[in-house]
Amino acid sequence: MKIFDVSFNDYYHTAQISLKKTPFILYYLYNFTMWLCDRVPSIYLPRIKYTSPKGYKTDLRCWFGDTQQLFHIYICAKMFNLVEKHTKYIDIPLPYPYLKDLFPDNDKTEWDKDDDKFRQLSKELSRKHNSQFKELQKKMYYTEIQKDCNPQIKWYNSLNKEEL
0 MKIFDVSFND YYHTAQISLK KTPFILYYLY NFTMWLCDRV PSIYLPRIKY TSPKGYKTDL
60 RCWFGDTQQL FHIYICAKMF NLVEKHTKYI DIPLPYPYLK DLFPDNDKTE WDKDDDKFRQ
120 LSKELSRKHN SQFKELQKKM YYTEIQKDCN PQIKWYNSLN KEEL
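Using numbering that gives the first Met the number 0, the letters of the sequence shown correspond one by one to residues 0 to 163.
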């Protein structure tokens, strides 16, 4: 299963496109496990004496709580770790103004007024990087055979398909 995401950081004026690739069966099993986790009844464990792996003397109720927490510790968390182990992440950092032009609705500009000076500096640096990026983009894409092709499509087509 492939999930694309566009991320903006208004504080540092950075942006990236992310691809998360997970085997479908693991994604399905993880969602099913989370569904089960919500439906496990919350039954308190008995107060049976228990020695923790670190050697603490306690009882089951104090250490684990109830059946929901026990299920979450030993099944949900293990499933999450398994899915994360087999998930591949590809992050493509791009200039903030460039992605903001492509995805204007994803940008939420709510911040504290105390940070305006830093944000202004970040914006200036971002604009500088954006102009450098666009110059490189013109050199890369418009010197190719397909001069009238959309640069984003050419960039996507030039990616190694095995990485995606």
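For every residue, glycine included, the Cβ atom is placed at its ideal position computed from N, Cα and C.
DSSP three-state call for residue i: helix, strand or coil?
i: PRO45; result: coil
i: PHE3; result: strand
i: THR50; result: strand
i: TRP110; result: In this predicted model, TRP110 has a pLDDT of only 49, less than 50, meaning its place in the structure is not dependable enough to derive any value.
i: MET78; result: helix
i: TYR10; result: coil
Are the beta-carbon atoms belonging to residue i and residue j less than 8 Å from one another?
i: LYS48; j: ASP37; result: no
i: HIS12; j: TYR95; result: yes
i: ARG126; j: TYR10; result: no
i: PRO40; j: THR66; result: yes
i: SER17; j: ASP90; result: yes
Ignore the nearest five residues each way along the sequence and tell me which others in residue i's own chain have a CB closer than 8 Å to its CB.
i: HIS85; result: THR21, PRO22, LEU25
i: ARG60; result: TYR43, LEU44, PRO45, ARG46
Quick one: give me the first and last residue of the alpha helix (DSSP H) that residue i is part of.
i: ASP100; result: 95-101
i: ASP37; result: 23-38
i: THR66; result: 66-70
Tell me which same chain residues have a C-beta within less than 7 Å of the C-beta of residue i, skipping the five on either side of it?
i: ASN30; result: none
i: HIS71; result: CYS36
i: ILE2; result: LYS19
i: THR32; result: ILE74, CYS75, MET78
i: SER6; result: ALA14, GLN15, SER17
i: MET0; result: THR21, PHE23, TYR26
Just curious, the beta strand (DSSP E) that residue i is in, first and last residue?
i: ILE16; result: 13-20
i: ASP58; result: 56-58
Taking 6 Å as the limit between beta carbons, can you name the residues of its chain near residue i, skipping five residues before and five after?
i: LEU69; result: PHE63
i: HIS87; result: At residue 87 the sequence reads Lys, which differs from the His that was named. So the qualifying residues of the chain are LYS20.
i: PRO92; result: GLN15
i: LEU28; result: none
i: SER121; result: TYR11, HIS12
i: ASP4; result: SER17
i: ASN80; result: none
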